[in-house]
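Chemist: Counting from 27, one number per residue, gives the positions in the sequence shown under full-length UniProt numbering.
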Amino acid sequence: SNLKTLEYIKYEVQENQVALVTLNRPKALNALCDGLINELNSTLEQLNKDPKVGAIVITGSEKAFAAGADIKEMKDKTFPYTYSVNMLASWDNLTTIKKPIIAAVNGYALGGGCELAMMCDIIVAGTSAKFGQPEILIGTIPGCGGTQRLTRAIGKSKAMELVLTGDQIDAHTAEKHGLVSKVVEPTETVNEAVKIAAKIASLSQPIVAMAKEAVNQAHNLPLKDGLQYEKRLFHSTFATQDRKEGMTAFAEKRKPQWKNE
Ligand code: CAA
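#1: With respect to the beta strand (DSSP E) encompassing Lys156, which residues constitute its N-terminal and C-terminal limits?
#2: State yes or no: is the C-beta of Lys140 nearer than 6 Å to some heavy atom of ligand 1?
#3: From the DSSP output, which residues share a beta bridge with Leu136?
#4: I'd like the list of long-range same chain contacts for Trp284, defined as Cβ closer than 6 Å, with 5 residues on each side in sequence excluded.
#5: Apply the 10 Å Cβ neighbour rule to Gly165 and answer buried if 16 or more other Cβ atoms are within range, or exposed otherwise.
#6: Tyr34 to Ile233, Cα distance in whole Å?
#7: Report all residues from its chain with a CB closer than 6 Å to the CB of Ala219; omit the five preceding and five following residues, and keep chain order.
#8: Using a Cβ-Cβ cut-off of 7 Å (strictly less than) and excluding sequence neighbours within five positions of Pro282, which residues of its own chain qualify?
#9: Alpha carbon to alpha carbon, how far is Ala115 from Leu73?
#10: Exposed or buried, which one is Gly181 when buried takes at least 16 other CB atoms within 10 Å?
#11: So, is Ile167 buried or exposed, given that buried needs 16 or more other C-beta atoms within 10 angstroms?
#12: Where Cys59 and Lys208 are concerned, what is the direct C-alpha to C-alpha distance, given to the nearest angstrom?
#13: Between the stretch 194-210 and the stretch 239-247, can you find at least three pairs of beta-carbon atoms closer than 8 Å?
#14: So, at 6 Å on beta carbons, what are the nonlocal neighbours of Glu256 in its own chain, with the 5 sequence-adjacent residues on each side left out?
#15: Between the Cα of Gly152 and those of Gly61, Lys89, Lys101 and Arg280, spot the shortest distance and give me the residue it belongs to.
#16: Reducing DSSP to helix, strand and coil, say where Tyr34 ends up.
#17: For Asp196, write down the residues that DSSP places opposite it in a beta bridge.
#18: For the putative contact between Asn42 and Ala224, defined by C-beta atoms under 8 Å, what is the C-beta separation to the nearest angstrom?
#19: Among the candidates Ala265, Ala45 and Thr199, whose CA atom is the shortest distance from the CA of Val79?
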């Protein structure tokens with residue numbers, strides 16, 4: 027197979043144009059050390075450019091998607107250091123990837139692990155998944171979107187509860203509050219995420235990228251500007267061959283042949 031194994035992650039590009047990326051630092055419950063984030067970022071950038079990849083799934087282990095930033099790596103850092111290097115800034119690189127990314131979460135998704143999942147476009151959770159922002163319990167606060175993306179995802183009251191107590195919520199609670207799109211048996215989490223990713227990967231890549239970009243603007247822009255952004259991207263689909271093919275195929279009662287153009 028084409029499985030590639032790096033120090034902290036492994037990944038493969040499947041026949042169905044889905045890239046499956048597995049965080050692979052089991053002894054530390056996939057704690058997100060600098061090395062892991064660097065490998066993840068460079069892998070995602072490479073997969074983003076690979077025409078054989080239509081969508082990406084990120085998963086961890088049965089026990090942990092990721093138990094957060096690496097506390098041991100952080101513990102002796104000082105303010106001047108964290109400020110001058112803008113610590114954690116490169117974590118956001120994931121959000122610049124144009125291809126859809128699905129998080130398949132089993133076990134712990136805590137702190138930076140929950141934040142990483144929330145940077146993905148869709149979260150599929152196994153019933154064993156546990157989400158939380160426990161930073162408060164170690165004397166700090168979330169630093170990679172836990173106060174912002176979580177609040178937008180589940181609302182202020184529930185987000186406050188999680189961020190201020192450090193308590194965890196299970197997969198069904200996460201689904202009830204809109205954090206995850208689906209809950210399945212833990213043995214099915216990756217399969218389900220790959221199934222969704224394969225469906226997306228079978229569609230037109232540029233159109234999928236525009237759809238992702240438009241949905242993301244709902245979090246970045248006021249409604250009026252978001253609607254304008256959507257409208258312009260909708261108009262832009264008319265500059266593609268795939269838009270023409272999709273509508274023509276519908277009218278001719280046949281399946282569209284996407285060219286990614
Ligand atoms: N950083 C570094 N090492 C970690 C880690 C982390 N976030 N989480 C787990 N580990 C290590 C443990 O130290 C332990 O290593 P040793 O075997 O060398 O002792 C190993 O992984 C296994 O962990 P446990 O023995 O603790 O496993 P457990 O089943 O008893 O508990 C757990 C699991 C509840 C997830 C517990 O490990 C835990 O509380 N982890 C820390 C969670 C946390 O606070 N995350 C937030 C980090 S801060 C952050 O993420 C900031 C941000 O916004 C980016």
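Here a beta-carbon is modelled for each residue, glycine too, at the ideal position from N, C-alpha and C. Fair warning: this is a prediction, and the values are worked out from it, not measured in the lab.
Modeler: According to the data block:
#1: Lys156 to Gly158
#2: Sequence inspection shows Cys at residue 140; the Lys mentioned does not correspond to that position. No; taking the cut-off as 6 Å, the Cβ of Cys140 has no heavy atom of ligand 1 nearer than that.
#3: In DSSP, Leu136 forms a bridge with Gly158.
#4: Same-chain partners within the cutoff: Ser230 and Asp268.
#5: Burial call: exposed.
#6: Tyr34 and Ile233 have their C-alpha atoms some 32 Å from each other.
#7: Scanning its chain for C-beta atoms nearer than 6 Å, with the 5 sequence neighbours on each side dropped, one finds around Ala219 the residues Val83, Ile128, Ala130 and Val150, in chain order.
#8: Closer than 7 Å at Cβ, skipping near neighbours: Glu271, Gly272 and Ala275.
#9: Spanning the two alpha carbons is a distance of roughly 21 Å.
#10: Residue environment for Gly181: exposed (fewer than 16 other C-beta atoms within 10 angstroms of its C-beta).
#11: exposed
#12: When rounded, the distance between both Cα atoms is 28 Å.
#13: Taking 8 Å as the limit for Cβ pairs, the verdict is that the stretch 194-210 does not touch the stretch 239-247.
#14: Closer than 6 Å at the Cβ level, and outside the excluded window around Glu256, lie Ala240.
#15: Lys89
#16: coil
#17: Lys156
#18: 4 Å
#19: Ala45
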